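Enquirer: Here you go, one structure.
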Amino acid sequence: MSSSGAQKLRINRFLADCGLGSRRSCEVIVTEGRVIINGDVCTSLSTRVGPEDQVEVDGQILKPQYEPINILLYKPRGYICSRDDPQGRSTIFELLPKHLQTQRNIHYAGRLDLDSEGLIVLTNSGDISQKLSHPKTKIEKEYLVSVSAPFQEIHKEQMLRGIEIDSGFARATSVEKVSKRNIAVTLEQGLKRQIRYMLMALNYRVTRLIRVRIGNLIDTSLEPGSWRFIGKKDLNKLLNETKD
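Take -17 as the starting number for the sequence shown in my numbering and just add one per residue.
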């Protein structure tokens, strides 16, 4: 299916380098028969491809992005974590310059919902995305949360012990009372709208939620809507925090 060559990659690694996800999730793309190499459908995970091969997924021709792109973005409230939105809402990718917006293999690692704000990582590496998003890696994420009523100390202990919510058993790694109606919450889990649902179970309504830290990444200079590239030193330190 593909010709011989010294610089060939296994098909799942090639797809991950093109930004389609982790190597494991790319294996699913292959076994589903969505990959075409040089005009032939590929379903074998042992297939290797090189620079001379034409690889398509769902009709789109792929080229691996060898230049790493890793961005720390402050997502404003009211923006969604998606590249396109049928409802016409603003997306986080609209905050990037045009030359980055057009690179379809850049994706987010660890979403924030529409009403939340704060730090989010954008990357063109499927492996980095997997490490930052997968619950097994247990990278800490810290949030500053404002609630609708004075926060009671007894509820701190409940959040640390754990609370059953729709998406599973949720617990916080750390909860600190910052002021009367503000708390700092650290998570290693990543359940859907976890903090909001935990506090809802305790009869609080979240009025503001800001992600202020991802592992070692903290940047108080970023304003809503602004971004910066993540330096190699910071990135290596962040990835070394993963527990996989």
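Every residue, glycine too, gets a C-beta built ideally from N, C-alpha and C. All values reported here derive from a predicted model rather than from experimental measurement.
1) Give the straight-line distance between the Cα atoms of M141 and K214, rounded to the nearest whole angstrom.
2) Beta-carbon separation of V39 and L(-3) under 8 Å?
3) Can you grab the Cα-Cα spacing for the pair E122 / P79, in whole Å?
4) So the beta strand (DSSP E) R210 belongs to, where does it begin and stop?
5) I165 and F133 look like a contact to me (Cβ under 8 Å); what is the Cβ gap, rounded to whole Å?
6) Taking 8 Å as the cut-off, does the stretch 62 to 77 touch the stretch 12 to 24 (at least 3 CB pairs, one atom from each stretch)?
7) With respect to the alpha helix (DSSP H) encompassing K80, which residues constitute its N-terminal and C-terminal limits?
8) Apart from the five residues on each side of it in sequence, which residues of its chain come closer than 6 Å, Cβ to Cβ, to T168?
9) Note down, in chain order, each residue of its chain lying with its Cβ closer than 6 Å to the Cβ of N52, except the 5 sequence neighbours on either side.
10) Helix, strand or coil: how does DSSP classify S140 here?
11) Please report the Cβ distance between L199 and L220, rounded to the nearest whole angstrom; I am assuming they are in contact, meaning their Cβ atoms lie under 8 Å.
12) For the beta strand (DSSP E) containing D22, list its first residue and its last residue.
13) What residue from L(-9), L2, R(-8) and E223 has the CA that sits closest to S260's CA?
14) Near I62, which residues of its chain fall below 6 Å by C-beta distance, leaving aside the five closest residues on each side in sequence?
15) Which runs of the alpha helix (DSSP H) spanning at least 4 residues fall entirely within the stretch 120 to 183, listed in chain order?
Expert: Walking through what the data contain:
1) 35 Å
2) yes
3) 29 Å
4) W209 to F211
5) 5 Å
6) no
7) K80 to Q83
8) E122, E124, T155 and S156
9) T105, I212 and L217
10) Before going further, note that residue 140 is Gln rather than Ser in the sequence given. Looking at Q140 - three-state DSSP - the assignment turns out to be helix.
11) 6 Å
12) D22 to C24
13) What is shown of the chain runs -17 to 226, which leaves residue 260 out entirely.
14) R71, T73 and L96
15) 135 to 143 and 176 to 183
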